[in-house]
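Visitor:
Residue numbers (my numbering), protein chains in the order written: chain A, 1 to 153; chain B, 154 to 306.
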């Protein structure tokens, strides 16, 4: 089937360019909705991102979280400090390997991110109503592949 | 085939949540690469976005561009002014309908955005090497659908 052939580079480039034209608007719309929901749980967008990453991937270092969400360590450190002040995460102290200290969710942090994600899942299910397993799987795989390709070496 | 069935809401929500976890990193990686390339053409990320939108969709008003790229009119107006000062776009004056003035590319603006996009297409083709027509088409359609679903009413 012709659809199963890799696209030649001179077609692939413009086609991915068109794909990326949807990424910016999607990111900004989603960021706006997350920001609008801050008042519900009282958790900022940045703290929410840290809690979600810990929820999805388990205890991690600040540099590990920063790499996973493709943002700066400084920002993740600030958000982690904010979350720790509110008892949503704890950092396992490790004076000899400060950089390898693991950040993990507290029970309160776990409950908070679960409430946030449950609310978001309901909203997303309404937005994407009718999408099939194959469509979502293909799109997610393509995005993850592009993320990996664009990561700094 | 079971893959062709719409996902039930309780599965769709978490699946789209996983999809969105790739959107933020993809956006930030792409934005970084666009920013790093600013020095090549001497065009800022914001001006580049305006030029691309005019290139793709033809002459448009500032509010039209802002809606298409999901950002504020004020920002698009600033970027349009910057592009106009550099003779990359012109605005067809219309004193009685200032808001409906159409912004359009000059020949210099057209040449600039074509150079930028040609360079980007080559880079994107390398990043996405091996992706098929069907994969890119499905992913783009899913993203556009989610953008439409998240647009403010």
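Beta carbons are placed, not taken as given, at the ideal position from N, Cα and C, and that holds for glycine.
It should be emphasised that the depicted structure is a prediction, and the values quoted were computed from it without experimental measurement.
Give me, in chain order, the residues of the same chain whose beta-carbon lies closer than 7 Å to that of residue 116/A; leave out the 5 immediate sequence neighbours on both sides.
Guide: 41, 43, 48
Visitor: By how many angstroms is the C-alpha of residue 46/A removed from the C-alpha of residue 61/A?
Guide: 16 Å
Visitor: Tell me whether residue 230/B sits in a helix, a strand or coil according to DSSP, three-state version.
Guide: helix
Visitor: Counting only beta-carbon atoms, is residue 273/B nearer than 8 Å to chain A?
Guide: yes
Visitor: Let me see if you follow: with CB-CB separation under 8 Å, is residue 230/B close to chain A or not?
Guide: no
Visitor: Could you give the first and the last residue of the continuous beta strand (DSSP E) run that contains residue 105/A?
Guide: 103-105
Visitor: Alpha carbon to alpha carbon, how far is residue 70/A from residue 246/B?
Guide: 43 Å
Visitor: Please list, in chain order, all residues of the same chain as residue 151/A whose beta carbon is under 6 Å from its beta carbon, the five residues on each side excluded.
Guide: none
Visitor: Taking just the CA atoms, how far does residue 263/B sit from residue 15/A?
Guide: 19 Å
Visitor: Determine which residues of the region 288-299 of chain B have a Cβ less than 9 Å from any Cβ of chain A, and write them out in chain order.
Guide: From the region 288-299 of chain B, only 288, 289, 290, 291, 292, 293, 294, 295, 296, 297, 298, 299 have a Cβ closer than 9 Å to chain A.
Visitor: Hey, how far is the Cα of residue 220/B from the Cα of residue 210/B?
Guide: In a straight line, the C-alpha of residue 220/B is about 12 Å away from that of residue 210/B.
Visitor: Take the Cβ of residue 177/B as the centre, count every other Cβ of all protein chains shown within 10 Å, and call the residue buried at 16 or more, exposed below.
Guide: buried
Visitor: Please report how far the alpha carbon of residue 22/A lies from the alpha carbon of residue 124/A, in whole angstroms.
Guide: 17 Å
Visitor: Report buried or exposed for residue 266/B, applying the criterion of at least 16 other Cβ atoms within 10 angstroms of its Cβ.
Guide: Residue 266/B counts as buried, since at least 16 other C-beta atoms from the protein chains shown sit within 10 angstroms of its C-beta.
Visitor: Please report the straight-line C-alpha distance between residue 170/B and residue 103/A, rounded to a whole angstrom.
Guide: 22 Å
Visitor: Would a check of beta-carbon distances place residue 170/B closer than 8 Å to chain C?
Guide: In summary, chain C is missing from the structure at hand, where the protein chains are A and B.
Visitor: If contacts are defined as beta-carbon pairs under 8 Å, then residue 143/A and residue 172/B qualify, I think. What distance do you get, rounded to the angstrom?
Guide: 7 Å between Cβ atoms; contact.
Visitor: May I ask you to report which of helix, strand or coil DSSP gives residue 111/B?
Guide: No information on residue 111/B is available, as it lies outside the stretch 154 to 306 that chain B covers here.
Visitor: Between 4/A, 140/A, 118/A, which has its C-alpha nearest residue 55/A's C-alpha?
Guide: Comparing Cα positions, the closest option is 118/A.
Visitor: By how many angstroms is the C-alpha of residue 293/B removed from the C-alpha of residue 236/B?
Guide: 29 Å
Visitor: Are there 16 or more other CB atoms within 10 angstroms of the CB of residue 5/A, so buried, or fewer, so exposed?
Guide: By the neighbour-count criterion, in which 16 or more other beta carbons inside 10 Å mark a residue as buried, residue 5/A falls on the exposed side.
Visitor: Going along chain A, which residues have a C-beta under 8 Å from residue 162/B?
Guide: 122, 125, 126, 129
Visitor: Can you tell me which of 301/B, 289/B, 306/B, 243/B puts its alpha carbon nearest to the alpha carbon of residue 8/A?
Guide: 289/B
Visitor: Which residue wins for smallest C-alpha separation from residue 172/A, given the options 138/A, 75/A, 65/A?
Guide: The question about residue 172/A has no answer, for chain A in this structure spans 1 to 153.
Visitor: Which residue's Cα is closest to the Cα of residue 228/B: 164/B, 203/B, 212/B?
Guide: The closest CA to that of residue 228/B, considering only 164/B, 203/B, 212/B, is found on 203/B.
Visitor: Pull the bridge partners of residue 213/B from the DSSP assignment, please.
Guide: 256/B
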